[in-house]
Amino acid sequence: MPELAPHDSANLDAFLKCIKPWELAYAAATLSFIALKEPSGLAVVHGHLLLPNGWVPREDTIVETNSLVAGCFRLDAASLTVDGVLRGLCESGLDTSFGRLYVPTEHEGKVSTYFNPWKTGTQDGEARTLAFALNGKRHPLGHMEVVHMAELRASVTPYASLDELAVAINGLPLRRDVSVVDITAANCVQLDGRRRVKGTTANPAVLLASNLEREKVGLGLSIHSRGKAAQRYRYDGDALHWSEGENGIWTGELEVTVEEGSAVQCFASYGGSPLFTGDAGGGESEIRRHILELDYLDCIVALPTDMFYNTNIATYLWFMTNRKPPARKGKVLLIDASGMSVLMNKNLGKKRRKLTDDCVERISGSYAAFKTMDWRDDATGRSLKAKVLDRKHFFYRKITIERPLRMRFRATPEGIALLRTDKAYTKLPEEQISLLAAALNEMDPSAIFVDAESFRAALKDAAKTAAENKGLDGKKAKLAAKPLELARKYLGTKDKNAEPTTNERGEILPDSELRDAEYVPFDEDIDAYFDREVTPHWLDAWINRDVKDEKDELTGIVGTEINFNREFYVYKPPRSREAIKADIESMENRFMELLRGVSK
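In this note's numbering, the protein residues as written are 1 to 600.
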């Protein structure tokens, strides 16, 4: 079995090019990847923005790679803990579960504001949540939610340190359309976060049209929608002002520097899509692969549904760190806390459930225990499950299964007519066109061939006869490979009872309509899996060895998936035949009673 090769984070270009933003556009949350310089420790942490659900980028759209979340979140712990995060969720009153991972970046020891010179969509009511810990010290960060540009102009000031963080909106008091984090008090202060508006960020033309000090505009890394590395802009000067632009909304983003070798812990909340969305080789799968290969994923907690005001979807908390304790290295803890909640006395929008102190203590206790467990309280109906799994458990290899193309051949007038309309036919040398036409005329239109070899042999014999009639010899008397290929293409009809079709080199051709894929566990030999799972059903199938993973160059494409439903599935046997029969008889008796009542 191949080892998990660490990602070469020193050169991000190769990794960024494999992420296709348009593949990520339909995912309903943000999934981030972290790139660290190994083995010296943390140098730069990058993040990747997953586009909001339903928003499809234009061809010229630039998608950001460094992002910070919006929204407010209160944490009472001095360092990042599961207990603190859960209690913060309970107290915050957040109206949605989605979040983006904060991505600190190296920049001269000062907090700067990043402006997004591209368009991106923001769903109405989508606050973001985040917690970030550096060397055990709490640094919850946030930024402006959204600013309605139709109402006011906006400005954001760069800050010399975390303690001096402040946000000014054109001189107005911080009281509307904005959520701000109070870094000094180590908590979040939400200012009238009930208002939500939609919008897009300012584009580069608007940004550069402002009176910026050009030497203070820096360039950073982004991903172009075509998969190429692009640039974004950073401004480190005084307060920046610009007008409405496109009458939209803009969001400013923050950056903090962390020293090399620092311990980083990150928390973000998502919907379920980042767990399993995306096939092997796709953008989402590659991001998960990157996180798992570098062993940054510590724990995922599945929360109950109906936990937030604006959505009732399932929520998953991701806890990541670059300094795992030795006992946790190479392992991932999955906690299914979907059964750990109580109904509220009164609904708040879509929020119907809440976590009690006991729920929080049991969930955080299972995180601290770091072991597989299954707890249930029959009196309250609450349940809690946890599994400790090797990180390789979430990897698989997608192999392509081919089956042969089966065709019968017949030189029908209809097929010959279609052959003559092909552009490749018209580009053949004149002597080949003439010889192929004469050979097809020599063939019996009623003769049926059940394999390509016999058909080609008959066509070559007909060409030989036609060449003799024309007085041709040498190469001019033989059909080349291209005319034979065109004849096979247009004079063949699919027939499952025919023999496997071969090309002019004698290789069996695959049938694209019968092509399938098998998902092989990462620690299993693909040939043994094929012999056990595929061969008994399709004796003529084979593995396409040409489909290889770009990183390890082995057969099959490596994918990643974290499927809570599969890991915590509980089999529920179907009802017995006797119980079903009793129900049917009961309904029949009830129906007869009703019928007798009508007839009286």
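Ideal Cβ positions, reconstructed from N, Cα and C, are used throughout, including at glycine.
Option nearest residue i by Cα separation, candidates the options
i      : options                           : result
SER285 : ASN563, ALA462 and ALA437         : ASN563
TYR316 : ALA379, PRO326, ALA302 and LEU418 : ALA302
ILE313 : PHE319, PRO304, LEU297 and CYS359 : PRO304
ASP461 : LEU440, ALA424 and SER446         : LEU440
ASP607 : PRO274, GLY349 and HIS393         : Any question about residue 607 goes unanswered here, given that the chain covers just 1 to 600.
PRO521 : PRO500, GLY556, TRP542 and GLU293 : GLY556
ALA369 : ASP357, GLY281 and VAL388         : VAL388
ALA337 : MET307, HIS290, LYS324 and PRO326 : MET307
LYS551 : PRO429, GLY281, ARG328 and TYR519 : GLY281
SER366 : TRP318, ARG577 and ILE335         : ILE335
THR493 : ASN544, LEU292, PRO574 and PHE455 : PHE455
ASP390 : ARG403, ALA327 and PRO445         : ALA327
CA-to-CA distance, residue j to residue i, given in whole angstroms
i      : j      : result
GLY415 : ARG505 : 23 Å
GLY381 : LYS354 : 14 Å
THR535 : MET407 : 22 Å
GLU533 : ARG352 : 45 Å
ASP422 : ASP279 : 36 Å
ALA480 : LEU554 : 36 Å
LYS489 : PRO413 : 14 Å
ILE401 : LYS548 : 13 Å
LYS398 : GLY559 : 7 Å
LYS680 : LEU418 : Residue 680 lies beyond the stretch modelled for the chain, which goes from 1 to 600, so this question has no answer here.
MET587 : LYS572 : 25 Å
LEU297 : TYR529 : 29 Å
LYS427 : ILE433 : 9 Å
ALA447 : ALA498 : 14 Å
VAL450 : THR465 : 23 Å
ILE526 : MET340 : 40 Å
GLY471 : ALA463 : 12 Å
ASP511 : GLU361 : 57 Å
VAL570 : LYS385 : 11 Å
ASP583 : ARG596 : 20 Å
LEU435 : PRO500 : 27 Å
LEU294 : TRP318 : 15 Å
GLY220 : ARG288 : Low per-residue confidence applies at GLY220: pLDDT is 32, beneath 50, and the placement is therefore not dependable, though the value from the model is reported in the following sentence. Distance between the alpha carbons of GLY220 and ARG288: 23 Å.
ARG410 : ALA467 : 21 Å
VAL332 : ALA579 : 42 Å
Coil, strand or helix - residue i by DSSP
i      : result
MET611 : Residue 611 cannot be examined here, being either before or after the span of the chain that is shown, 1 to 600.
GLU414 : helix
PRO521 : strand
GLY474 : helix
THR493 : strand
PRO404 : strand
ALA185 : With a pLDDT of only 21 at ALA185, under 50, the local geometry of the prediction cannot be trusted, and the value read off the model is given with reservation. The answer is coil: DSSP assigns ALA185 none of H, G, I, E or B.
ALA582 : helix
VAL547 : coil
ASP531 : helix
VAL301 : strand
LEU479 : coil
ILE508 : strand
ASP516 : strand
THR502 : strand
LEU275 : helix
LEU484 : helix
ARG575 : coil
MET592 : helix
ASN312 : coil
PRO326 : helix
ARG456 : helix
ARG420 : coil
VAL598 : helix
LEU293 : Checking the displayed sequence, the identity of residue 293 turns out to be Glu instead of Leu. GLU293 falls in the helix class under three-state DSSP.
VAL360 : helix
THR465 : helix
Residues bridged to residue i (per DSSP)
i      : result
ALA386 : ILE335 and MET373
ARG353 : LEU343
TYR396 : PRO521 and GLY559
PHE409 : PHE449 and GLY492
TRP542 : GLU402
LEU348 : LYS351
Element boundaries [beta strand (DSSP E), containing residue i]
i      : result
LEU317 : 315-321
Endpoints, alpha helix (DSSP H) assigned at residue i
i      : result
GLU567 : 564-567
LEU436 : 430-442
LYS423 : 423-426
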